[in-house]
Amino acid sequence: MSPSRGSPSPAAECVPVPLGPRSYDIVIGPGLLAAVGPLIAPLLKRPRLVVVTDRTVARHHLPTLAAALDAADIEHRAIVIAPGESTKDFAHLEELTGLLLDAEVERSDCVLALGGGVVGDLAGFAASVLRRGVDIVQAPTTLLAQVDSAIGGKTGINTAHGKNLIGAFHQPRLVLADTGVLDTLPARELKAGYAEIVKYGLLGDRPFFEWLEREGPAVLAGDGAARRHAIAQACRAKATIVAEDERETGERRALLNLGHTFAHALEAESGYGARLLHGEAVAVGLVMAFDLSVELGLCPATARERVRRHLAGAGLPTTPAEAGLPGLDRDRLVTRMRQDKKVEGGRLTFVLAHGIGQAFVARDVPPETLARVLARAVAA
């Protein structure tokens, strides 16, 4: 923890993201929104900020945040947007930037994103382009955002061509992961976030995955210590990778996309609505990535079954049909995948695995092998 910001609670933990002049902390623990004043005040050039949130989060958590800002004599106003993935589009980006300009946000001011991945991505992108860049603080309120989207500076919106294809890298000044707010999450949202936690164990930390096999039920049931450990471990893994490959110019940061080439295609087919949550798509994508690895003779089938068993045990879907997408066309999925951000020279890029905790990037997957895996997945 930076010496200018004392820990608000003995239960809080700090994970640094070392990026030179763009370095920042991820603070993890209960009660952070109620103690936000001393955490955020040192970052403000003047005691003023604008909060961007959605209607659902505002109902649960905006009063707590507003009271804490008032107590710290930080002037604030809130912009409340519609919830849901469909809000991440050009129309809502234009609306939000207009509202931020109406609020007279100056280049030296700060925006605070209070919400899940949609709010964080949209507000972060708006901050990155507003007056050519204003500061953003991420206060993620979903498990998925706390362990993934709020960290690393990726911001963006969706288009008809695919997910997050329009965006910018814009690192936050601070990430406040208040674990207490997770108690208000619907069980489905919590499970969706858990899929991203599992991903970190699968891509490079077998002991963490083994810990999740034992303690995952406690994480999902709300055990404070187990949940904080899982979030901190995931954040440390992502912080390490981001520090090594901030803008995904090499293969290191691409590992974070384990399962995501499949997942983003599924999300595009679902229409980016409430029908399929991102974490649910990731769960299916993780199984498909391991299935492709097995089909290529790179990974033992026992690893795939172990992944499938753990995700299913957590109440997550492991096939498109279980995710509410029966009868998909495999050729349409391939077309969707060709819009993936990792495509190079027209070649699809996948993150595959030699086993649990042994992910790697592959660009030479035979089309016929991919076709067999997709056919099996859509028929399951």
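Each residue of the sequence shown is one higher than the last, beginning at 21 in my numbering.
Beta carbons are placed, not taken as given, at the ideal position from N, Cα and C, and that holds for glycine.
Fair warning: this is a prediction, and the values are worked out from it, not measured in the lab.
- Under the DSSP assignment, Asp-155 falls in the beta strand (DSSP E) whose first and last residues are 155-160.
- At the C-beta level, Ile-46 and Val-195 come within 8 Å of one another.
- Between the stretch 112-127 and the stretch 157-171, the count of C-beta pairs closer than 8 Å stays below three; the two stretches do not touch.
- A residue is called buried when at least 16 other Cβ atoms come within 10 angstroms of its Cβ; Ser-43 does not meet this threshold and is exposed.
- Of the residues assessed, Arg-329 falls on the exposed side of the cut-off, its CB having fewer than 16 other CB atoms within 10 angstroms.
- In the structure shown, Leu-59 falls within a helical segment according to DSSP collapsed to helix, strand and coil.
- DSSP lists Phe-370 as the beta-bridge partner residues of Ala-382.
- For Val-138, no beta strand (DSSP E) segment is defined; the enclosing uninterrupted segment is the alpha helix (DSSP H) at 137-149.
- Straight-line spacing of the CA atoms in Asn-277 and Leu-348 works out to 22 Å.
- Assignment of Pro-387 by DSSP, reduced to helix, strand and coil, places it in the helix class.
- In the DSSP assignment, Glu-235 falls outside any beta strand (DSSP E) and lies within the alpha helix (DSSP H) extending over 226-241.
- Judged by their CB atoms, Ala-133 and Gly-140 are nearer to each other than the 8 Å cut-off.
- In the three-state reduction of the DSSP assignment, Leu-196 falls in the strand class, which pools E and B.
- Runs of the beta strand (DSSP E) spanning 3 or more residues and lying entirely within the stretch 74-142 occur at 95-101, 130-135, in chain order.
- If you ignore the 5 residues before and after Phe-310, its C-beta comes within less than 7 Å of the C-beta of Cys-319, Ala-323, Arg-324, Val-327, Ala-373, all in its own chain and listed in chain order.
- Where Glu-33 is concerned, there is no enclosing alpha helix (DSSP H), although the beta strand (DSSP E) around it starts and stops at 33-37.
- Around the Cβ of Lys-65, a 10 Å sphere holds fewer than 16 other Cβ atoms; the residue is exposed.
- Its chain contains Ala-146, Val-149, Leu-150 as the residues whose beta carbon lies nearer than 8 Å to that of Thr-117, once the 5 sequence neighbours on both sides are disregarded; these appear in chain order.
- Note on geometry: alpha-carbon atoms of Ala-165 and Gln-191 lie some 14 Å from one another.
- Judged by DSSP in its simplified three-state form, Val-307 adopts helix.
- Between Val-56 and Leu-89, the C-beta gap is smaller than 8 Å, which places the two residues in contact.
- With contacts defined by Cβ atoms closer than 8 Å, Glu-289 and Arg-352 form a contacting pair.
- Annotation: Gly-270 is outside any beta strand (DSSP E) and is labelled neither H nor E by DSSP.
- In chain order, Leu-202, Asp-203 place their CB closer than 8 Å to the CB of Gly-242, counting only its own chain and leaving out the 5 sequence neighbours on each side.
- DSSP, read as helix, strand or coil, puts Thr-339 in coil.
- Shown here, Lys-361 sits in coil according to DSSP, grouped into three states, outside any helix or strand.
- Less than 8 Å separates the beta-carbon of Ile-261 from that of Leu-275.
- Across the structure, Pro-67 and Ala-91 are spaced so that their CA atoms are roughly 12 Å apart.
- Take Glu-235, set aside five residues on each side of it, and the residues of its chain with a beta-carbon closer than 7 Å to its own are Ala-246, in chain order.
- Looking at the backbone, the Cα of Leu-52 and that of Glu-271 are separated by about 34 Å.
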